[in-house]
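**Student:**
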Amino acid sequence: MMTNRNEQHRIAIIGAGPGGLTLARILQEHGVKTVVYERETSPTSRQQGGSLDIHPESGQRALREAGLIEQFQALARYEGEDFRLLDKTGKVYLDEVADSKEGDRPEIDRGTLRGLLLNAIDPSCIRWGYNLSHAIPKDNGQHELHFDNGHVDIVDLVVAADGAFSRIRPLLTNAVPTYTGLSMVELYLNNVAEEHPEIAAFNRRGKLFALSDHKGILGQLNGDGRLCVYAAFQVEQDWIETSGIPFERPEEAKHQLLKFFGDWDESLTRYISSAVGPIVPRRIYMLPVGLTWIHKPGVTLIGDAAHLMSPFAGEGVNLAMLDAAELALSIVAHQDLSAAVQSYEEKMYQYTAESAKMSDDNLALCFGEDAAPKLMELMNQYHDQ
Ligand SMILES: Cc1cc2nc3c(=O)[nH]c(=O)nc-3n(C[C@H](O)[C@H](O)[C@H](O)COP(=O)(O)OP(=O)(O)OC[C@H]3O[C@@H](n4cnc5c(N)ncnc54)[C@H](O)[C@@H]3O)c2cc1C
10 MMTNRNEQHR
20 IAIIGAGPGG
30 LTLARILQEH
40 GVKTVVYERE
50 TSPTSRQQGG
60 SLDIHPESGQ
70 RALREAGLIE
80 QFQALARYEG
90 EDFRLLDKTG
100 KVYLDEVADS
110 KEGDRPEIDR
120 GTLRGLLLNA
130 IDPSCIRWGY
140 NLSHAIPKDN
150 GQHELHFDNG
160 HVDIVDLVVA
170 ADGAFSRIRP
180 LLTNAVPTYT
190 GLSMVELYLN
200 NVAEEHPEIA
210 AFNRRGKLFA
220 LSDHKGILGQ
230 LNGDGRLCVY
240 AAFQVEQDWI
250 ETSGIPFERP
260 EEAKHQLLKF
270 FGDWDESLTR
280 YISSAVGPIV
290 PRRIYMLPVG
300 LTWIHKPGVT
310 LIGDAAHLMS
320 PFAGEGVNLA
330 MLDAAELALS
340 IVAHQDLSAA
350 VQSYEEKMYQ
360 YTAESAKMSD
370 DNLALCFGED
380 AAPKLMELMN
390 QYHDQ
């Protein structure tokens with residue numbers, strides 16, 4: 010285990026998402042202590058959401074640095090790389106069947122990934138129920154952190170891993186997330202293999218995208234047997250409020266959602282009609298592609314806080330974990346904390362800009378004209394490379 014004088018620095022990480030936890034774990038592996046502040050009151054206080062594909066050059070690399078790659082491989086679902094692409098008539102454009110034992114980008118449920126990281130971190134490092142309200146820079150480069158519960162901490166480095174609406178980001182840049190033009194309504198089908206075997210067979214073991222008319226029905230089989238469904242709409246920013254859909258009343262909401270898919274094939278609309286439980290509408294936001302800032306001592310951003318992008322390049326969680334690995338290794342390699350952070354930032358700007366652009370382009374393609382044939386063409390080009 011490497012040690013250096015960073016052991017003496019007080020480092021706070023805001024947010025126990027995949028980025029923050031990966032950073033805490035890799036630093037712990039190198040003998041560097043951190044404190045992670047998380048606003049959620051416990052690891053189980055919020056449903057963690059759908060399945061994520063973890064890429065070799067980023068998410069998997071970070072897990073290797075965290076000493077967790079073998080545990081990840083044991084949990085990963087290689088068959089989850091199955092991918093089907095259709096249009097609203099049910100015409101199939103792509104039907105990819107993955108090898109169930111190996112593949113580049115296996116899937117893992119978000120909750121399982123979080124559990125893997127949490128189990129590997131000294132629990133005394135994590136403070137649940139600490140909602141950061143603001144941070145005040147001090148003249149000596151330290152930061153004073155203020156929490157809603159009255160707690161105050163003074164740290165040598167604060168790492169914002171607090172996601173899309175980071176409360177630390179304004180210390181470094183005026184950039185704010187803007188609406189991408191896409192809103193996604195999240196629904197679930199429980200125990201799909203037993204309760205809806207015909208949908209399970211149709212969807213296969215991974216993801217299904219049905220795209221037409223600036224809309225989509227997206228299905229994603231999770232490791233817990235649920236099918237996560239997104240009904241996606243290219244709409245105005247206030248559509249969630251103005252659509253009149255009562256999202257808090259799921260049966261009525263489903264009924265109204267189905268009206269938007271009146272001429273879609275029943276093999277697709279049953280993804281909505283068969284859903285049970287709460288329905289969650291989400292606006293999809295992004296930060297400017299290629300965002301950078303002037304380095305300041307004692308503070309930095311990782312993950313969505315640094316480069317929020319739409320999920321249509323499948324890179325968000327992977328980049329959050331790669332940022333964590335790059336920052337941790339830089340902290341370990343440098344004697345000077347500020348130099349370590351600056352070196353990480355310069356590197357991160359390079360590798361994130363391309364993904365942010367790809368994500369933006371893919372969103373435009375998936376919800377533009379002739380989306381299904383165009384996405385097929387793009388994916389075929391990608392496979393040919
Ligand atoms: C619908 C949808 C689908 C997606 N699908 C994919 C996908 O398939 N693949 C992929 O790679 N990415 C996907 N993403 C993106 C991915 O979820 C994010 O990029 C990733 O979670 C970013 O990780 P993070 O650690 O930076 O932030 P987050 O996961 O957002 O974690 C931030 C943490 O900080 C905590 N926090 C926030 N504010 C405070 C505060 N003030 N004080 C203390 N704690 C705070 C939060 O509670 C949270 O635990 C998707 C996103 C959405 C919205």
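Just so you know, the sequence shown maps onto residues 10 to 394 in this note's numbering. From the three backbone atoms N, C-alpha and C, an ideal C-beta is built for every residue, glycine too. Keep in mind it's a predicted model, so treat the numbers as computed, not measured.
(1) Which one of Leu374, Met330, Gly286 has the shortest CA to CA distance from leucine 36?
(2) Taking 8 Å as the cut-off, does the segment 328 to 348 touch the segment 186 to 196 (at least 3 CB pairs, one atom from each stretch)?
(3) By a C-beta neighbour count over all protein chains shown, 10 Å radius and 16 as the cutoff for buried, is asparagine 327 buried or exposed?
(4) Quick check on methionine 10: does DSSP put it in helix, strand or coil?
(5) Please return the same chain residues whose Cβ sits closer than 6 Å to the Cβ of leucine 338, not counting the five positions on each side in sequence.
(6) How about leucine 122: is its Cβ closer than 7 Å to a heavy atom in ligand 1?
(7) So what's glutamine 246 in DSSP terms, helix, strand or just coil?
(8) Closest by CA to alanine 380, which one among Asp96, Arg19, Gln69?
(9) Check the DSSP bridge columns for valine 101 and list the partner residues they point to.
(10) Determine the burial state of threonine 50: buried for a count of at least 16 other Cβ atoms within 10 Å of its Cβ, exposed for fewer.
(11) For my contact list, histidine 152 and valine 308 are in at a C-beta cut-off of 8 Å; report their separation, rounded to the angstrom.
(12) Measure the alpha-carbon distance for glycine 124 versus leucine 181 and round it to whole angstroms.
(13) Roughly how many whole angstroms lie between the Cα atoms of cysteine 375 and serine 276?
(14) DSSP on glycine 120, reduced to helix/strand/coil?
(15) Quick check: what's the CA-CA separation for isoleucine 130 versus aspartate 157?
(16) Give, in chain order, every unbroken run of the beta strand (DSSP E) that is at least 3 residues long and sits entirely within the segment 172 to 243.
(17) Near glycine 29, which residues of its chain fall below 6 Å by C-beta distance, leaving aside the five closest residues on each side in sequence?
(18) Per DSSP, which one or two residues make a beta bridge with tryptophan 137?
(19) With burial defined as no fewer than 16 other Cβ atoms inside 10 Å of the residue's Cβ, what is the status of proline 27: buried or exposed?
(20) Alpha carbon to alpha carbon, what distance is there between isoleucine 254 and glutamine 394?
(21) In this structure, what does DSSP give as the bridge partners for histidine 155?
(22) DSSP three-state call for threonine 278: helix, strand or coil?
(23) Does the structure place the segment 88 to 103 close enough to the segment 217 to 224 that three or more beta carbon pairs sit under 8 Å?
(24) List the whole-angstrom C-beta distance separating arginine 86 from glycine 228, where the pair is believed to meet the contact cut-off of C-beta under 8 Å.
(25) Per DSSP, what kind of secondary structure is threonine 301 in: helix, strand or coil?
(26) Quick one: Cα of serine 368 to Cα of leucine 387, how far?
(27) Any chance the CB of tyrosine 46 is under 7 Å from a heavy atom of ligand 1?
(28) By the DSSP assignment, the beta strand (DSSP E) with glycine 286 in it spans what residues?
(29) Measure the Cβ-Cβ separation of alanine 284 and valine 238 and say whether it is below 8 Å.
(30) Take methionine 10 and list the residues in its own chain whose beta-carbon comes closer than 6 Å to its own, dropping the five residues that flank it on each side.
(31) Say the cut is 7 Å; is the CB of proline 186 nearer than that to a heavy atom of ligand 1?
(32) Pull the bridge partners of arginine 86 from the DSSP assignment, please.
(33) Within a Cβ cutoff of 7 Å, which residues of the same chain sit near leucine 266, ignoring the five residues on either side of it in sequence?
(34) Tell me, please, which residues DSSP counts as bridged to threonine 309.
(35) Output the boundary residues of the alpha helix (DSSP H) element that contains isoleucine 340.
(36) Distance check for leucine 230 and arginine 292, CA to CA, integer angstroms please.
**Tutor:** Let's see:
(1) Met330
(2) no
(3) buried
(4) The predicted model places methionine 10 with a pLDDT of 37, which falls under 50 and marks its position as unreliable; any figure quoted below should be read in that light. It is coil, neither helix nor strand.
(5) none
(6) no
(7) coil
(8) Asp96
(9) Leu95
(10) exposed
(11) 6 Å
(12) 31 Å
(13) 20 Å
(14) helix
(15) 25 Å
(16) 187 to 198, 216 to 221, 224 to 230, 236 to 243
(17) Ile22, Val45, Ala170
(18) Glu47
(19) buried
(20) 44 Å
(21) His143, Val161
(22) helix
(23) yes
(24) Incorrect: roughly 15 Å between the Cβ atoms, too far for contact.
(25) coil
(26) 13 Å
(27) yes
(28) 285 to 295
(29) yes
(30) Here the model assigns methionine 10 a pLDDT of 37, short of 50, so the residue's position is not dependable, and the following value carries that caveat. Gly40.
(31) no
(32) Glu116
(33) Val194, Ala240, Ile254, Ile281
(34) Val168
(35) 325 to 342
(36) 22 Å
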